[in-house]
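Enquirer: I'd like to ask you about the structure that follows.
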Amino acid sequence: MANSKYEYVKSFEVEDEVMFPNLILVCINGRNFSRFSQLHRLEKPYDLNALKLMNSCAVSVLEEYADVVLAYGFSDEYTFVFNKSSKFYQRRASKVLSIITSFFSSMFVTKWSDFFPQKELHYTASFQGHVISCATIQVLQSYLLWRQNICHVNNQYDQCFWRLVKRGKTETEVRNSLKVAEKSNLNERLFHEFNINYNTLEEIYRQGSCVLKTMVEDIVKYADNGTPVRRCRRKIITVHNKKVASKRFWNEQTILLKELGGFMEEIDNVKSEYVRSFEFDRKLMPYTWIVVRLDGCHFHRFSEIHEFVKPNDERALNLMNSCAMAVLEEFRPDIVFAYGVSDEYSFILKRTTDLYQRRASKIISAIVSFFTSTYVMRWKDYFPNRMSNYPPSFDGRAVCYPSTEILRDYLSWRQVDCHINNQYNTCFWKLVASGKSKREAQQSLKGSQLQAKIEELTIDYNKLPIMFRQGSSVFWDKLDNVLIHPENGKSSECYRKVIVEHIDIIGSAFWLEHPDILDEKQ
1 MANSKYEYVK
11 SFEVEDEVMF
21 PNLILVCING
31 RNFSRFSQLH
41 RLEKPYDLNA
51 LKLMNSCAVS
61 VLEEYADVVL
71 AYGFSDEYTF
81 VFNKSSKFYQ
91 RRASKVLSII
101 TSFFSSMFVT
111 KWSDFFPQKE
121 LHYTASFQGH
131 VISCATIQVL
141 QSYLLWRQNI
151 CHVNNQYDQC
161 FWRLVKRGKT
171 ETEVRNSLKV
181 AEKSNLNERL
191 FHEFNINYNT
201 LEEIYRQGSC
211 VLKTMVEDIV
221 KYADNGTPVR
231 RCRRKIITVH
241 NKKVASKRFW
251 NEQTILLKEL
261 GGFMEEIDNV
271 KSEYVRSFEF
281 DRKLMPYTWI
291 VVRLDGCHFH
301 RFSEIHEFVK
311 PNDERALNLM
321 NSCAMAVLEE
331 FRPDIVFAYG
341 VSDEYSFILK
351 RTTDLYQRRA
361 SKIISAIVSF
371 FTSTYVMRWK
381 DYFPNRMSNY
391 PPSFDGRAVC
401 YPSTEILRDY
411 LSWRQVDCHI
421 NNQYNTCFWK
431 LVASGKSKRE
441 AQQSLKGSQL
451 QAKIEELTID
461 YNKLPIMFRQ
471 GSSVFWDKLD
481 NVLIHPENGK
491 SSECYRKVIV
501 EHIDIIGSAF
511 WLEHPDILDE
521 KQ
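Numbering (UniProt numbering), first residue to last: 1 to 522.
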């Protein structure tokens with residue numbers, strides 16, 4: 001980070017570490033998935049391919065992150081359980097949540113065509129979530145029982161609901177008729193009206209899916225005499241067990257016992273209020289500006305794999321800008337401004353926003369997920385000749401700023417950082433291009449005045465694209481649309497559109513020209 005007088009704004013960041021010995025759970029669920037399934041004409045009550053896609057994404061999460069040892073999911077929901085000694089991103093709830101949600105979103109879009117080869121993805125799939133801090137292994141057991149019970153109850157209801165709709169009843173009529181139905185009556189109704197034995201329905205519908213790491217014995221080679229040499233290794237499997245919270249199932253899983261601990265006794269019921277009391281969440285302070293800042297995860301590796309132009313790849317920056325524009329359009333009117341540089345973007349939510357009741361977890365996960373999905377979906381628009389070989393993901397955080405003055409200082413800090421980092425990177429890659437190694441280039445720049453180094457390397461800095469030097473500002477702007485009427489001649493009407501500009505946001509000129517962006521009354 002660059003040193004500047006604006007760095008004091010970092011003091012407003014709040015730590016949200018999940019303390020030991022609490023177990024970390026990340027629960028995510030589809031955002032606007034009713035609309036998503038309708039637009040993509042997914043089967044009702046459940047689309048088997050969609051469930052398999054969700055399972056495949058969960059498997060990818062366990063493959064990518066060694067600390068995640070278990071996942072349980074059904075419908076458009078998945079919960080990921082971290083091992084008891086995890087120091088994943090030093091247990092910061094916002095980081096953990098946003099990374100898992102982002103990676104899952106990235107995999108969902110990436111793998112869509114594998115499960116729906118005949119259906120193009122038209123609407124951005126995104127997720128939202130929260131963190132649960134389990135004080136004991138018994139809380140985890142209660143949580144798993146609760147979610148599997150919900151899976152069962154929801155499936156009973158949905159199986160009846162959509163069969164009645166297919167028979168010709170309206171959704172409102174069906175809701176009213178099922179409103180007073182008891183669980184046992186739903187089973188009877190399925191049997192008597194549709195000749196369906198509930199217990200014969202596929203396990204994935206009734207019991208959900210459990211993705212876990214287990215030990216298997218594999219043949220790794222053969223001895224000279226032909227005898228197979230076997231060794232144990234970890235393998236990720238997906239099962240549909242009737243009771244994932246039972247001692248019998250749990251105690252058969254050696255890795256779960258080692259990484260999480262064992263269940264001491266069986267439990268038959270649990271109150272949802274009890275489990276919800278362990279949610280790790282905070283409401284952001286009212287009437288403050290909220291900044292959600294996201295950063296690319298391992299983007300050095302990502303940019304190398306995809307051979308980005310150094311020090312700045314205009315295509316990659318324009319892709320980031322396009323995603324930011326989509327976020328403003330999706331979360332209108334709550335997000336009023338965004339500023340981005342390199343692989344980061346800051347989104348400004350208006351002071352009066354009540355988005356997700358100002359719950360930090362929901363806001364962060366929804367924005368990061370939507371941004372990530374859009375990034376994957378629009379990749380081919382900016383890199384038509386290069387496949388995305390590594391799933392992009394982002395982490396996020398939310399910070400409250402009490403005044404417009406401090407908010408502007410935050411944005412100034414980010415633009416100063418953009419300027420200094422761009423100076424450094426421009427010099428660095430010029431030195432590398434001249435034949436120096438990366439280590440030699442770093443040593444050459446260590447402690448040097450960048451402006452002097454730019455002159456020494458004969459770099460005409462002011463002729464570099466302004467986007468590289470000043471970053472990108474995204475906001476709603478009022479534009480005039482000129483209309484030609486055959487009888488009345490010309491007339492104009494005003495409309496609002498999201499635009500990207502590369503301008504100075506440290507000075508006052510831009511803000512005076514656009515006073516509505518940071519209008520404290522909106």
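From the three backbone atoms N, C-alpha and C, an ideal C-beta is built for every residue, glycine too.
1) Near aspartate 409, which residues of its chain fall below 6 Å by C-beta distance, leaving aside the five closest residues on each side in sequence?
2) Throw me the rounded Cβ distance for the alanine 93 and valine 109 pair, which I believe falls under 8 Å.
3) For the 8 Å Cβ check, are there 3 or more pairs between the segment 281-292 and the segment 140-159?
4) Is the beta carbon of glutamine 415 closer than 8 Å to that of glutamine 470?
5) For glutamine 128, name the three-state secondary structure that DSSP assigns.
6) Is isoleucine 255 closer than 8 Å to valine 69 when the C-beta atoms are compared?
7) Of the residues Ala441, Arg231, Asp47, which one's Cα is nearest the Cα of phenylalanine 115?
8) Take serine 133 and list the residues in its own chain whose beta-carbon comes closer than 6 Å to its own, dropping the five residues that flank it on each side.
9) Answer with buried or exposed for residue 534, where buried requires no fewer than 16 other C-beta atoms within 10 angstroms of its C-beta.
10) Between which residues of its own chain and tyrosine 205 is the CB-CB distance below 7 Å, once the five residues before and five after are set aside?
11) Mapping the DSSP letters down to three states, classify arginine 496 as helix, strand or coil.
12) Hey, could you find the ends of the beta strand (DSSP E) tyrosine 143 is sitting in?
13) Taking only three categories from DSSP, how would you classify methionine 325?
14) Evaluate glycine 30 with the Cβ neighbour count: other Cβ atoms within 10 Å of its Cβ, from every protein chain shown; 16 or more gives buried, anything less gives exposed.
15) Would you be able to state if there are at least three C-beta pairs under 8 Å between the segment 350-359 and the segment 433-453?
16) Count Cβ pairs between the segment 269-277 and the segment 324-342 that sit closer than 8 Å; are there 3 or more?
17) What residues are listed by DSSP as bridge partners for arginine 332?
18) Which residue spans inside the UniProt domain "tRNAHis guanylyltransferase catalytic" (6-133) form an unbroken beta strand (DSSP E) run of at least 3?
19) Check for me: the beta strand (DSSP E) holding phenylalanine 394 runs from which residue to which?
20) So, using beta-carbon positions, are tyrosine 72 and valine 244 closer together than 8 Å?
21) Are valine 474 and asparagine 321 touching if we call contact CB-CB under 8 Å?
Expert: Inspection of the coordinates gives the following:
1) Your numbering for residue 409 matches position 409 in the sequence shown. So the list reads Tyr6, Val9, once near-sequence residues are dropped.
2) Working through the sequence shown from its first residue, we reach residue 93 at position 93. Working through the sequence shown from its first residue, we reach residue 109 at position 109. Contact doesn't hold; Cβ gap of about 25 Å is too wide.
3) No: the two stretches stay apart, fewer than three of their Cβ pairs being nearer than 8 Å.
4) Reading the sequence shown from its first residue, position 470 is the one you call residue 470. Reading the sequence shown from its first residue, position 415 is the one you call residue 415. Yes. Within cutoff.
5) Position 128 of the sequence shown, counted from the start, is the residue given in the question as residue 128. Three-state result, glutamine 128: strand.
6) To locate residue 69, count along the sequence shown from 1; it is residue 69. To locate residue 255, count along the sequence shown from 1; it is residue 255. A contact, by the Cβ cut-off of 8 Å.
7) Counted from its first residue, the sequence shown places residue 115 at position 115. Of the candidates Ala441, Arg231, Asp47, the one whose C-alpha sits nearest the C-alpha of phenylalanine 115 is Asp47.
8) What you label residue 133 is simply residue 133 of the sequence shown in a count that begins at 1. Within the same chain, serine 133 has close Cβ partners Val18, Asn22, Phe278, Phe280.
9) Outside the modelled stretch of the chain, which goes from 1 to 522, sits residue 534, for which no answer is possible.
10) Counting from 1 along the sequence shown, the entry for residue 205 is found at position 205. Excluding sequence neighbours, tyrosine 205 sits near Tyr46, Asn155.
11) As a first step, residue 496 is located in the sequence shown; it is residue number 496 there, counting from the start. If DSSP states are grouped into helix, strand and coil, arginine 496 belongs with the strands.
12) Along the sequence shown, one-based indexing puts residue 143 at 143. Counting along the chain, tyrosine 143 falls outside any beta strand (DSSP E), though it belongs to the alpha helix (DSSP H) covering 137-166.
13) Working through the sequence shown from its first residue, we reach residue 325 at position 325. In this structure, methionine 325 counts as helix in the three-state DSSP scheme.
14) By one-based count along the sequence shown, residue 30 stands at place 30. Residue environment analysis places glycine 30 among the buried positions, since at least 16 neighbouring C-beta atoms fall within 10 angstroms of its C-beta.
15) no
16) With contact defined as three or more Cβ pairs closer than 8 Å, the segment 269-277 and the segment 324-342 are not in contact.
17) Within the sequence shown, residue 332 is the residue found at index 332, counting from 1. In DSSP, arginine 332 forms no bridge with anything.
18) 23-31, 68-74, 77-82
19) Locating residue 394 in the sequence shown gives position 394, counting from the first residue. In this chain, the beta strand (DSSP E) harbouring phenylalanine 394 covers 394-401.
20) As a working mapping, residue 72 is identified with position 72 in the sequence shown. As a working mapping, residue 244 is identified with position 244 in the sequence shown. Contact: yes.
21) Along the sequence shown, one-based indexing puts residue 474 at 474. Along the sequence shown, one-based indexing puts residue 321 at 321. Against a cut-off of 8 Å, the Cβ pair of asparagine 321 and valine 474 comes out as a contact.
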